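Worksheet for the structure shown next.
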Amino acid sequence: RMYLIFTILLTFTLSIPNGTKAAAFRSADNHYLSEVENSNDSTNAFLETDLAAKPSHRRVLDTNSTDILSTPKPKLKCHCDICTDTNFICETEALCFTSIELKRGREIISFRCISETNVLEHRFPIQCLTSKEKLKEYNIKCCDTDYCNNDILLPILREQVYHSHNIVNWDIVGYLVVITFVICSLALIVYLLIRRLKCCTGIRSILVDDSECDRILHGHTIQDIMLELTTSGSGSAGLPLLVQRSIARQIQLVEIIGKGRFGEVYRGKWHGENVAVKIFSSREECSWFREAEIYQTVMLRHENILGFIAADNKDNGTWTQLYLVTDYHENGSLFDFLTVSTVDTKTMLTMALSIATGLAHLHMDIVGTNGKPAIAHRDLKTKNILVKSNLSCAIGDLGLAVRHDVKNDTVDIPSTHRVGTKRYMAPEVLEDTINSNQFDSFKRADVYAFGLIIWEIARRCNINGNYDEYQLPYYDVVQPDPTIEEMRKVVCVDNQRPNVPHRWHSNGVLNTIAKVMKECWYQNPTARLTALRIKKSLANVAAED
């Protein structure tokens, strides 16, 4: 309805200047024609008065008269601008004339004689007449006394036409300003009305969704609901879709806790509970969609996989924000934790075993009606692993993950432009020799990265006050942000691996960890341990410890 009203008003407004503009042109033309006609009338009056004062000359008729010419008189002498042979003088038994013509912006003035052969008998010469339509381009005046055409003054056409156009142009500018103002005002009114309608609709939907959330939660925490969904076979789809579609408008962002190439991570409040809100920039929509899609894989939910709550988008008036809401862990990422804290052997085993357990769950396919496909992470590193309150870990950031279709034996590779972290890339990935059609290749690359993560944790193991400062893998041989070429030379050509401190060999747990670690980063992918084998080995070490 509003669009129809706006169209009618716009059509009405645009129709105004057409008639007005035409009226402006007509007004200017009439103004000019009036001046020319007045000039003609005054000249004719002058001729008649002049002729009356000189009876020796023959009479000239008014241009509107049909009276016959008087009896022939001696030849007239007229000024002639083209008669070079006769000293610019021509003779005729008819009339003298002066004409002015506008051609391509230039005025051409002529002084000539009208031959008696061109004058119809008993009629005023038609050459001396000019129609109103042509007065803007041509004008002529005739007389019948000697050299009379030398004194005739005609209106200057160029000045008159320029003046009339100048008037019209200013009128058009004024009309365009008014039209622009009216259109902008109408557009602003329509925009504000639409925004108001959207706002009202949004408020109503939030109220409805809040009641739905209250009905679903009714006193339970988010973790309780997630656990219930998991045990009931709902897998990892997160909250019901009705709640997910409005959660972005209900979350209160409290503080920023991280930044990355995808966007920013905030601690938020939703129904009184802390949640982690990963906000993707609009150019990372593919990454957001892919990660949300992976998180909602059936049967993915696991205690060592970051808990997914909802995916939603929010229009803030300038751009669209893409929300991915997950469980919040106050200890932050494993990278943040190890940077400021050391661990004992028990915590080291807890962290390593929980990561291996989560990775084994990802890599495992569950066959059945509601089965889970095998998933490879492809970007495993300490910054993508969260430390829970009990110091166990949960694997997050599944934006680059790939899934294995068991029935067709195909790999579902994301179409995003992102690649994994170069420092954690396996040799076959750095050399671009990985078989992307074989899913096991991606799992083996994950295991290589896991070996580097164990090395980072083990360096921070505090035994009797002995521990190493936190460092990233290969910190001593590559720059902070290495290129693929640098990593390829170190890992593939030089076949280097992170250094194992001598003190590890004097401790049984660290020595076992070192052995598992080395079996994870073999140059030959097929020689590496599987995630399930690593899980069992670490579980045995933890039981013995």
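In terms of mature numbering (1 follows the signal peptide of the UniProt record, and there is no 0), the sequence shown is residues -22 to -1, 1 to 523.
Beta carbons: idealized from backbone N, C-alpha and C, even for Gly.
Source: prediction; values computed, not measured.
Thr388 sits in a strand when the DSSP states are folded into three classes. If you look at Cys498, you'll find it in the alpha helix (DSSP H) that goes Gly486 to Cys498.
Take Ala270, set aside five residues on each side of it, and the residues of its chain with a beta-carbon closer than 7 Å to its own are Ala289 and Leu302, in chain order. Remark: three or more beta-carbon pairs, one from each stretch, lie closer than 8 Å, so the segment 316 to 331 and the segment 438 to 446 are flagged as touching. Counting along the chain, the unbroken alpha helix (DSSP H) around Val519 starts and ends at Ala509 to Glu522. Using a Cβ distance threshold of 8 Å, Trp266 and Leu231 do not count as a contacting pair. Restricting attention to beta strand (DSSP E) runs no shorter than 3 residues, the segment 373 to 453 encloses them at 380 to 383 and 388 to 390, ordered along the chain. DSSP, read as helix, strand or coil, puts Gln457 in coil.
Trp248 is bridged by DSSP to Glu251. The beta carbon of His341 sits closer than 6 Å to those of Ala352, Lys421 and Ala509, all from its chain and outside the five residues before and after it, given in chain order. Counting only residues of its own chain and dropping the five nearest sequence neighbours on each side, Trp499 has a CB closer than 6 Å to the CB of Tyr426, Gly429 and Arg475. Burial is judged here by how many other beta carbons sit within 10 angstroms of a residue's own beta carbon; Asn444 has fewer than 16 and is exposed. Three or more Cβ pairs closer than 8 Å define a contact, and the segment 278 to 298 meets that threshold against the segment 372 to 385. C-alpha of Ile229 to C-alpha of Gly236: approximately 17 Å in a straight line.
Inter-residue distance for Pro392 and Lys361 is about 21 Å (C-alpha atoms, whole angstroms). In the three-state DSSP reduction, Phe286 falls in the strand class (E or B). Looking only at Gly241, Asn348, Val253 and Tyr453, the smallest Cα-Cα distance to Val276 is reached by Asn348. Here DSSP, grouped into helix, strand and coil, assigns Ile60 to coil. With fewer than 16 neighbouring CB atoms inside 10 Å of its own CB, Leu171 falls in the exposed class. Around the beta carbon of Trp433, 16 or more other beta carbons lie within 10 angstroms, which makes this residue buried.
From the listed residues Tyr125, Val478, Cys74 and Lys385, the smallest Cα separation to Ile435 is found for Val478. With 16 or more other Cβ atoms inside 10 Å of its own Cβ, Val487 counts as buried. The three-state secondary structure of Leu369, taken from DSSP, is coil. The three-state secondary structure of Leu80, taken from DSSP, is strand. Collapsing the DSSP output to three states places Leu132 in coil. The Cβ-Cβ distance between Cys91 and Cys56 falls below 8 Å. Going by beta carbons, His249 and His339 fall outside the 8 Å limit.
Classified as buried, Tyr244 has 16 or more neighbouring CB atoms from the shown chains inside 10 Å of its CB. The three-state reading of DSSP puts Ser260 in helix, counting H, G and I together. The beta-carbon separation of Glu464 and Val456, rounded to 5 Å, stays under the 8 Å limit for a contact. DSSP places Gln299 inside the beta strand (DSSP E), whose first and last residues are Thr298 to Asp305.
When C-alpha distances from Thr296 are compared across Thr304, Ser259, Ser311 and Ser332, the shortest belongs to Ser259.
For the options Asn415, Val380 and Val384, the alpha carbon positioned closest to that of Ile272 is the one of Val380. Per DSSP, the continuous alpha helix (DSSP H) segment holding Gly336 begins and ends at Thr323 to His341. Annotation: Thr108 to Asp124 spans about 23 Å, alpha carbon to alpha carbon.
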